[in-house]
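Take a look at the structure below.
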Amino acid sequence: MADDELETEFEGMTQAVIDTVSRDSFAHLKSHLSWLCKLRLEQGVRLADIMAVFDLYEKSLKDAMSSFLRDDLVTLNSLRREIDALLDRARVYVTDYFFVLYEETVFKQLEQLRIINEISTRLVSSLDLDRVLNFIVKNALRLFKANCGSVSLISNGGDFVTKAAHGWKAKGSPRLIAQCALPAPDMLIATSRDADGSCLKDVIGLEGLEIIILLKLRVETRVIGLLAIGFHALRKFTPADQRVLLTFANHAAIAVHNAQMYGHTDRKLQERIQEASILLEQNRALLHSMREGVIAIDAAGTVTLANQEAVRLLGRTGDPVGRHINEIIADSRLPAVVVSRTAEYDREHKLGDTVVITNRVPVIVNGEVIGAIATFRDKQDVKHMAEELIGVKNLLESMRAQSHEFINKLHAISGLIQMEQYDKVVELVQQIYEAKQELIGFIVQRIRDKATAGLLLGKVSQASEKGVTLRIAPRSRLAKLPDQFSSAAMVTVLGNLIANAMEAVVDQAVDRRFIEVRIAQGKKYLNIVVADRGCGIPRSIIRQVFKRGFSTKQGNRGIGLALVRQEVEASGGKVAVHSRENQGSTFAVKIPVKRGE
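In this text, residue positions in the sequence shown follow numbering that gives the first Met the number 0: the first is 0, and each later residue adds one.
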């Protein structure tokens with residue numbers, strides 16, 4: 000990011016922070032952060048880069064505060080605590096909101112692709128021109144969330160004539176658009192702000208629109224029609240949105256052309272084959288852009304389709320199309336799906352050294368099975384996504400606990416101030432500062448992995464909030480995680496073990512609400528131990544605690560310890576548990592510093 004752009008962003012953030020603090024309302028900062036997240040997502044900026052800029056801003060702000068208030072330490076410390084709490088809350092909001100925006104974007108793109116595929120299937124199978132035109136308009140409104148739309152076709156005289164329209168306030172608006180659209184480019188996006196002097200100005204004013212989009216329906220070099228859609232609200236169309244618009248227009252043009260050709264099938268057969276080829280190539284491009292491997296067979300077991308991701312996961316260089324599936328994947332189960340006519344979902348399957356998650360579905364046409372399709376994705380991709388989500392969840396829970404703890408202390412300080420017990424305020428602030436600094440200093444000095452240190456700080460606060468003492472052994476030390484054991488894996492393992500221990504002690508007597516965490520890094524192994532004084536694990540079920548889905552508690556449980564074992568074993572390590580009923584449990588993890596030791 001350029002210095003002037005960074006300066007502008009810091010100025011905007013500072014103003015939002017000032018408004019939030021002065022008016023005691025998070026809404027000002029929330030509004031600014033929402034705008035910033037949307038902007039950065041449109042620019043393709045990652046969450047990690049946003050957080051890096053956020054950290055830089057926090058450092059710059061605190062440096063400025065320290066310089067300005069160096070002679071007033073009480074005010075400086077008070078403002079620091081207030082800013083810390085505010086920025087912690089802002090980080091949580093940015094993380095949550097960014098993931099919401101990202102999820103909405105992905106779902107939107109998937110839904111658009113699904114609708115276009117559905118529209119393509121319907122359009123190319125219909126040769127009734129009126130039905131095709133109305134179908135195009137209605138689905139353009141549905142796909143792009145527009146308020147009104149129309150389709151016009153080229154007449155023998157070379158003018159656009161409106162044939163289908165929906166949602167317009169004035170009947171003459173589509174005709175007015177058609178009259179002035181001939182010189183327009185293949186795609187025109189006109190807004191109320193830039194329509195002055197254009198032929199669309201009257202329509203925008205009459206209909207109360209903010210945007211009108213014109214898409215010419217073109218077959219090869221010949222324009223055969225015009226699709227117009229209008230929007231009451233102003234919105235931004237990214238390059239990806241514009242590509243979807245053009246793709247929709249291409250599909251609509253092919254459908255209109257096919258319908259116009261009905262009755263002339265014999266004379267125009269070759270042209271229709273060409274048009275079908277274009278549609279096939281578009282669908283093939285879409286197929287090869289998928290992140291999942293896709294392979295299809297006919298009823299005899301011959302491979303009829305395989306996308307690029309499937310070829311990559313199969314580890315082959317040649318084209319598998321035309322060969323029998325058993326030559327490509329010996330135990331694919333696709334022939335069995337053809338016979339059974341029953342789909343199989345989310346099954347693990349091994350392709351060479353790669354484990355994939357696969358779905359197998361029979362293809363049924365007119366009640367007859369004509370083949371089967373399998374989609375599959377590398378299990379590691381799914382696993383890494385789960386690791387990241389679990390790690391983020393653990394860190395967010397820890398951050399929320401710290402925020403809650405800080406708010407409670409602020410309430411105590413507020414009460415003392417109202418009682419005019421200023422000496423007590425200073426004493427309490429000093430105690431809080433010293434206790435927190437001692438813990439932070441210890442963890443930062445002994446635990447050098449930032450994600451692990453952050454998790455421990457948060458878990459201490461979370462435990463305190465629940466009335467549980469979480470002690471980190473004084474001799475704990477972590478200089479560097481083993482290469483095969485990532486920070487996300489460490490957060491998953493340690494976070495789940497501590498969470499499990501807290502559940503075990505939270506209902507015990509006060510003197511038994513105790514957990515100890517020991518992290519020791521030796522020359523050959525990284526040792527992680529989490530011990531509690533909880534209810535313990537009965538001898539009869541201790542061998543089952545690491546099985547996925549097994550739990551002695553109600554609800555959606557039985558996943559945490561299974562993930563712990565999965566991460567530890569994937570890193571070449573071991574996990575063991577020693578437990579006695581009504582005395583407590585100790586979980587010990589041993590990770591080799593180098594894989595294979």
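Heads up, the beta-carbon is just placed ideally off N, CA and C, and yes, glycines get one too.
In this structure, Ala335 is the residue among Ser475, Ala183, Ala335, Pro173 with its C-alpha nearest to the C-alpha of Gly370. Taken atom to atom, the span from the alpha-carbon of Gly292 to that of Leu304 is near 11 Å. Considered as a whole, the stretch 452-527 harbours 468-471, 513-520 as its complete beta strand (DSSP E) runs of no fewer than 3 residues, in chain order. DSSP lists Val364 as the bridge partner or partners of Glu367. When Val338, Ser570, Leu85, Glu41 are compared, the shortest CA-CA separation from Lys589 is found for Ser570.
The beta carbons of Val93 and Leu32 sit closer together than 7 Å. Rounded to the nearest whole angstrom, the C-alpha separation of Asn257 and Val150 is 16 Å. Beta-bridge analysis with DSSP links Gly229 to Cys147, Ile211. Per DSSP, the continuous beta strand (DSSP E) segment holding His577 begins and ends at 573-579.
Using a Cβ distance threshold of 7 Å, Val459 and Ala500 do not count as a contacting pair.
Here Glu566 carries a helix assignment [DSSP, helix/strand/coil].
About 20 Å separates the beta carbons of Val255 and Gly229, which is beyond the 8 Å limit, so they are not a contact pair. Within the model, the alpha-carbon separation for Gly171 versus Leu205 is close to 10 Å. Contact check for Arg445 against Arg476 passes: the beta carbons are separated by less than 7 Å. Here the alpha carbon of Leu72 sits roughly 58 Å from the alpha carbon of Ser288. Judged by their CB atoms, Asn133 and Ala180 are not nearer to each other than the 7 Å cut-off. Note that the C-beta distance between Ala498 and Glu566 is not below 7 Å. Per the Cβ contact rule, the stretch 531-546 is in contact with the stretch 574-585 (3 or more Cβ pairs under 8 Å). Counting every other CB atom within 10 Å of its CB across the protein chains shown gives Ser65 a total below 16, marking it as exposed. In the DSSP assignment, Val293 is bridged to Thr374. Between Asp345 and the set Val338, Ser339, Val355, the nearest pair of CA atoms involves Val355.
For Ala164, the pairing in a beta bridge is given by DSSP as Ser149.
Under the DSSP assignment, His348 falls outside any alpha helix (DSSP H), being part of the beta strand (DSSP E) whose first and last residues are 343-350. Counting only residues of its own chain and dropping the five nearest sequence neighbours on each side, Ala139 has a CB closer than 7 Å to the CB of Ala145, Gly148, Leu226, Ile228, Phe247. By the neighbour-count criterion, in which 16 or more other beta carbons inside 10 Å mark a residue as buried, Arg512 falls on the buried side. Residue burial annotation: Pro184 is exposed, with fewer than 16 other C-beta atoms found within 10 angstroms of its C-beta. Taking Glu326 as reference, the option from Val302, Arg340, Asp506 with the minimal CA-CA separation is Val302. Ranked by how close their Cα comes to the Cα of Val574, the residues Gly321, Ile558, Phe545, Leu286 have Phe545 in first place. Counting along the chain, Ser191 sits inside no alpha helix (DSSP H), nor does DSSP assign it H or E at all. For Phe53, the enclosing alpha helix (DSSP H) has its first and last residue at 46-67. In this structure, the alpha-carbon of Gly43 lies about 10 Å from that of Cys36. In the structure shown, Asn155 adopts coil according to DSSP, grouped into three states.
In the same chain as Ala309, and ignoring 5 residues on each side of it, the C-beta atoms closer than 7 Å to its own belong to Gly292, Val293, Ile294, in chain order. Straight-line measurement puts the Cα of Thr104 at about 14 Å from the Cα of Asp95. In the structure shown, the three-state DSSP call for Val93 is helix.
Within its own chain, the residues whose Cβ lies closer than 8 Å to the Cβ of Ala252, once the five positions on either side in sequence are excluded, are Leu216, Arg217, Val218, Ile223, Gly224, listed in chain order.
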